[in-house]
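Asker:
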Ligand SMILES: *[C@@H]1O[C@H](CO)[C@@H](O)[C@H](O)[C@H]1NC(C)=O
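In mature numbering (1 follows the signal peptide of the UniProt record, and there is no 0), the protein residues as written are -22 to -1, 1 to 239.
1. Give me every residue whose Cβ sits closer than 7 Å to any heavy atom of ligand 1, in chain order.
2. Among the candidates 103, 170, 129, whose CA atom is the shortest distance from the CA of residue 156?
3. Express the C-alpha separation of residue 70 and residue 78 in angstroms, rounding to a whole number.
4. Are there 16 or more other CB atoms within 10 angstroms of the CB of residue 209, so buried, or fewer, so exposed?
5. How do the stretch 151 to 170 and the stretch 178 to 192 stand: do at least 3 beta-carbon pairs fall below 8 Å, yes or no?
6. What are the boundary residues of the alpha helix (DSSP H) that residue 127 is part of?
7. So residue 76 and residue 18 are in contact, right, with Cβ under 8 Å, and what is the actual spacing, rounded?
8. Using the C-alpha atoms, what's the distance from residue 172 back to residue 55?
9. Distance, Cα to Cα, residue 205 vs residue 160?
10. Mapping DSSP to helix, strand and coil, what is residue 233?
11. What is the DSSP secondary structure of residue 17, counted as helix, strand or coil?
12. So within the stretch 11 to 99, which uninterrupted beta strand (DSSP E) runs reach at least 3 residues, ignoring any that extend past its ends?
13. Residue 109 bridges to which residues according to DSSP?
14. Would you tell me roughly how many angstroms separate the C-alpha atoms of residue 65 and residue 237, rounded to the nearest one?
15. Looking only at C-alpha atoms, which of 51, 73, 50, 23 sits nearest to residue 33?
16. If you measure from the CB of residue 71, is any heavy atom of ligand 3 nearer than 6 Å?
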């Protein structure tokens, strides 16, 4: 195990059945035996942000499966300014030069539609690599319309909780989206997937891939602690607890997926 301050998502591809697991807010590079894809991002507390080039380079040394990189310059909404778009394009260019295997991004218009014009520009920058539209999808006004837009834009997959707080709550919508997609785009459920609900989500949706965090908390190694000081503002992450990718969770998620898919 190599210690790095990172947040990761990974996807796995086993046999012909494709599915993925995401590892969230991890401080070590987990044993990804059986995994076929890794999604790399930073700052999972904000839902995932563009990771640093340093993180990418270190992870690439240890992880030999394809790495998809999140391109999201900040937390919050998915309505980007011209300068933020400039940053996103530059990040795509830099990450491509590091030989990543794909991108995960998304952009919306102010009225809650997929920003087709901007997505076209970002896709052009990312090509020929595959691109996943991330959970910005869960914030759209009309998910059926948004899915058609993503298909016509040529996104390879969309990550969604079914426009709900978790993939379990959003299960009916996820199923509807998969039925609507008819193999034109991969609909990948994500958001709160654990060993407890994975089988239900796969069986209930018909999904061939999934995305989840497989994480658990670990106590900080700090011996000196000042609990009256925190780094965050109104919402704050616990200073003395770490989120780590949990190998045993990865294994049991793998086993459940293998049995279900
Ligand atoms: C912890 O932080 C508080 C607030 O800044 C400070 O008053 C206190 O002296 C600190 N305690 C220790 C043990 O350093």
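A virtual CB, placed ideally from N, CA and C, is assigned to each residue, including glycine. This one's a predicted model, so the numbers in the text were calculated from it and none came from an experiment.
Answerer: Reading it off the structure:
1. 204, 206, 207
2. Within the chain shown, residue 156 is the residue found at index 178, counting from 1. Closest by alpha carbon: 129.
3. Reading the chain shown from its first residue, position 100 is the one you call residue 78. Reading the chain shown from its first residue, position 92 is the one you call residue 70. Approximately 10 Å, taken between the alpha carbons.
4. In the chain shown, residue 209 corresponds to position 231, counting from 1. Under this definition residue 209 is an exposed residue.
5. yes
6. Translated into the one-based positions of the chain shown, residue 127 becomes position 149. Per DSSP, residue 127 belongs to the alpha helix (DSSP H) from 121 to 131.
7. Numbered from 1 along the chain shown, position 98 holds the residue referred to as residue 76. Numbered from 1 along the chain shown, position 40 holds the residue referred to as residue 18. Rounded, the Cβ-Cβ distance is 11 Å, inconsistent with contact.
8. Locating residue 55 in the chain shown gives position 77, counting from the first residue. Locating residue 172 in the chain shown gives position 194, counting from the first residue. Their Cα atoms are separated by approximately 26 Å.
9. On the chain shown, position 227 is the one that residue 205 refers to. On the chain shown, position 182 is the one that residue 160 refers to. Rounded to the nearest angstrom, the two C-alpha atoms are 52 Å apart.
10. Within the chain shown, numbered from 1, the residue matching residue 233 stands at position 255. Helix.
11. Locating residue 17 in the chain shown gives position 39, where the first residue counts as 1. Reduced to three states, the DSSP call for residue 17 is strand.
12. 15 to 19, 45 to 48, 80 to 83
13. Locating residue 109 in the chain shown gives position 131, where the first residue counts as 1. For residue 109, which the question treats as bridged, DSSP gives the partners 81.
14. If you number the chain shown from 1, residue 65 lands on position 87. If you number the chain shown from 1, residue 237 lands on position 259. For residue 65 and residue 237, the distance between alpha carbons rounds to 42 Å.
15. Taking the chain shown and counting its residues from 1, one reaches residue 33 at position 55. The shortest C-alpha separation from residue 33 is found at 73.
16. In terms of ligand content, the structure shown lacks ligand 3 and carries ligand 1 instead.
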